[in-house]
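Notes for the one structure printed next.
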Amino acid sequence: MAENLSEAGLDTIFRTARTANTYRPDSVVTHDDIRAIYDLVKMGPTSANMQPARFVWLTDAAGKARLAAHASGSNAEKIKAAPAAVIVAMDTNFHEQLPWLFPHDPTAKHWFPDAAAREIAALRNSSLQGAYLIVAARALGFDVGPMSGFDQGALDADFFAATPAVKSNFVATIGHADPASIFDRSPRPDFETFNTFA
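Residues 5 to 202 (this note's numbering) make up the sequence shown, in order.
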């Protein structure tokens with residue numbers, strides 16, 4: 005069913021891919037590009053296909069400035085200068101969607117009666133979807149700059165006041181990176197450092 009990716013494909017997604025800090029002046033991310041990224045993201049596995057991530061895409065100057073107002077340090081300028089930015093958020097009421105997302109069991113909606121447990125599940129699985137977004141964007145030839153430096157309370161009050169069950173997880177910028185802005189790669193541990201066989 006699965007086939008190995010080429011060495012070039014693995015480089016594109018992992019080995020030579022880098023976090024973007026700034027983007028080329030000619031870099032463009034269209035709405036069609038964004039839809040293509042999401043069409044890959046949604047295929048990644050989540051628990052009971054809960055799909056708790058909610059994505060808010062910002063492609064015009066006003067939207068990016070609105071988001072940048074909640075970012076810390078240099079992240080604000082990175083957001084404003086990027087071709088596109090996205091809020092990766094999570095819906096803690098994801099269970100309401102399970103009757104159609106997980107039709108294998110009509111009782112799935114009732115598996116998550118506890119709000120605290122739903123928040124844990126939403127955070128875990130929306131983080132997975134955020135990682136899929138990074139991989140999907142890279143696979144389609146884009147660079148990504150994920151960031152967690154922002155005021156979550158202020159961002160959520162601004163963007164999700166009407167849907168309080170939705171909370172931000174992290175933010176990312178997307179485009180074609182300016183190679184001059186790429187840092188030297190930080191250390192990556194070998195297998196024995198953080199892995200064991202039990």
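All C-beta atoms, glycine included, are put in the ideal place defined by N, C-alpha and C.
With a Cβ-Cβ cutoff of 8 Å, do residue 94 and residue 126 count as a contact? yes
What residues match up with residue 147 in a beta bridge as DSSP calls it? 179
Assign residue 91 to one of two classes, buried (16 or more other C-beta atoms within 10 Å of its C-beta) or exposed (fewer than that). buried
Tell whether a beta-carbon distance below 8 Å holds between residue 26 and residue 143. no
Among the candidates 145, 172, 14, whose CA atom is the shortest distance from the CA of residue 41? 145
For my contact list, residue 179 and residue 87 are in at a C-beta cut-off of 8 Å; report their separation, rounded to the angstrom. 4 Å
Below 8 Å on the Cβ atoms is my guess for residue 45 versus residue 101; work out the distance and round it to an integer in Å. So it is not a contact: roughly 16 Å between Cβ atoms.
For residue 153 and residue 75, believed in contact at Cβ under 8 Å, the rounded distance: 6 Å
Can you tell me whether residue 173 is helix, strand or coil according to DSSP? strand
So does the stretch 186–194 actually touch the stretch 104–123, counting three or more Cβ pairs closer than 8 Å? no
For residue 163 versus residue 171, is the C-beta distance shorter than 8 Å? no
Count the other CB atoms within 10 Å of the CB of residue 149; is the residue buried (16 or more) or exposed (fewer)? buried
Taking only the alpha-carbon atoms, compute the straight-line gap between residue 4 and residue 82 and give it to the nearest angstrom. Here the chain comprises residues numbered 5 to 202, so residue 4 is not present and cannot be evaluated.
Cβ-based neighbour list, residue 130, same chain, cut-off 6 Å, excluding 5 preceding and 5 following: 56, 57, 94, 173
Euclidean distance between Cα positions of residue 117 and residue 167: 19 Å
In whole angstroms, give me the CA-to-CA distance for residue 108 and residue 7. 28 Å
Check this for me: beta carbons of residue 52 and residue 97, under 8 Å apart or not? no
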